[in-house]
Amino acid sequence: MNIKVLGSSGAEFPNYRPPAYLIDNFFLLDAGTIGSVLPDIDQWKIKTILLSHSHLDHIKGIPFLADNIIISNVNNKVRLISTCDVLNAVSKHIFNNVIWPDFSKIPSTCNPVIEYVEIPSETEMEIDGYSITAIPVNHSVPAIGYLIKKGPSALLYTGDTGPTDKIWRYADKASALIVEVSFPNQMNDMALLTGHLTPSLLLNELSKCKAIPPLILVTHTKPQFREEIMRELRNISLPEIKLLCDEDEYII
Ligand SMILES: [Zn+2]
Ligand SMILES: [Zn+2]
Numbered sequence: 001m002n003i004k005v006l007g008s009s010g011a012e013f014p015n016y017r018p019p020a021y022l023i024d025n026f027f028l029l030d031a032g033t034i035g036s037v038l039p040d041i042d043q044w045k046i047k048t049i050l051l052s053h054s055h056l057d058h059i060k061g062i063p064f065l066a067d068n069i070i071i072s073n074v075n076n077k078v079r080l081i082s083t084c085d086v087l088n089a090v091s092k093h094i095f096n097n098v099i100w101p102d103f104s105k106i107p108s109t110c111n112p113v114i115e116y117v118e119i120p121s122e123t124e125m126e127i128d129g130y131s132i133t134a135i136p137v138n139h140s141v142p143a144i145g146y147l148i149k150k151g152p153s154a155l156l157y158t159g160d161t162g163p164t165d166k167i168w169r170y171a172d173k174a175s176a177l178i179v180e181v182s183f184p185n186q187m188n189d190m191a192l193l194t195g196h197l198t199p200s201l202l203l204n205e206l207s208k209c210k211a212i213p214p215l216i217l218v219t220h221t222k223p224q225f226r227e228e229i230m231r232e233l234r235n236i237s238l239p240e241i242k243l244l245c246d247e248d249e250y251i252i
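UniProt numbering numbers the first residue of the sequence shown as 1 and each following residue consecutively.
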């Protein structure tokens with residue numbers, strides 16, 4: 001499984017883009033960044049987008065992708081996959097013909113650019129040759145993480161979460177974990193209030209795993225605190241932990 005990091009920040013600044021991970025060039029895990037980094041020909045390859053939750057930093061690229069497809073007349077179709085709560089939020093608050101056109105009816109209701117596909121919680125679903133399980137996590141809005149399996153590779157992605165439990169039951173199956181750490185340790189209260197993690201909260205979360213995945217990729221850091229978080233992650237002294245950068249690429 002090839003993972004290209006289009007964005008891995010918990011904010012937006014020059015060189016720091018919101019989260020999006022392109023799997024094997026056609027499968028997008030969250031969609032905070034698309035058109036600002038992918039040329040058109042690569043945008044057309046995206047067939048499926050898995051959304052962890054409805055926050056803007058995770059969906060921001062989708063309205064522009066839909067518009068690009070229509071304007072370029074490439075007859076592409078993108079499936080947005082998530083839970084009912086997340087899909088309802090996106091359709092009600094973004095594709096509502098006020099903030100952006102309703103691309104689930106454009107160019108026509110029988111052949112729209114965007115199709116909403118609901119995924120049940122904690123039930124393995126086969127999508128494009130991948131086995132995908134959505135697992136609820138603990139954020140300020142309804143949110144899920146994902147276990148994505150293909151052949152011997154399995155990627156576990158937390159999305160945004162504070163301290164949580166269910167997702168760690170899947171950690172022993174994962175060849176790699178993408179986990180959020182938004183704030184440094186001194187902002188523990190802010191992290192708990194907003195449903196995020198710090199390095200020391202991460203350490204506690206990892207203690208819930210039966211087996212720690214061999215590769216841990218930390219994402220969603222606030223760029224304002226990146227250096228501090230990096231120092232604190234080094235102190236955890238787990239050799240398999242790496243802080244993701246935009247444009248990183250991993251094969252697992
Ligand atoms: Zn969020
Ligand atoms: Zn976020």
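Ideal Cβ positions, reconstructed from N, Cα and C, are used throughout, including at glycine.
Is residue 246 near ligand 1, going by C-beta to nearest heavy atom under 7 Å?
no
* Contact belief for residue 171 with residue 211 at Cβ below 8 Å, rounded distance in angstroms -> 7 Å
_Sequence-distant residues of its chain with Cβ nearer than 6 Å to residue 11 (five each side left out)_ = 222, 223
Beta-carbon proximity list for residue 141, same chain, < 7 Å, skipping 5 on both sides:
53, 54, 55
- Neighbourhood of ligand 2 [Cβ distance below 6 Å to any heavy atom], ordered by chain position: 10, 55, 57, 58, 160, 220
Rounded to the nearest angstrom, what separates residue 7 and residue 34 at their Cα positions?
9 Å
- Give the straight-line distance between the Cα atoms of residue 251 and residue 179, rounded to the nearest whole angstrom. 17 Å
| query | Which residue's Cα is closest to the Cα of residue 228: 238, 165, 248, 243? | reply | 243
Quick check on residue 61: does DSSP put it in helix, strand or coil?
helix
- Query: Going by beta carbon distance, what residues of the same chain come within less than 6 Å of residue 131, once the five residues before and after it are set aside?
  - Reply: 124, 149
| said: Starting from residue 254, trace the beta strand (DSSP E) in both directions and tell me its first and last residue. | reply: Since the first residue of the chain shown is 1 and the last is 252, residue 254 is not available in this structure.
Next on the checklist: If I measure Cβ to Cβ from residue 175 and keep anything under 6 Å in the same chain, skipping five residues before and after, which residues do I get?
Outcome noted: 153, 154, 252
Is DSSP giving residue 210 helix, strand or coil here?
coil
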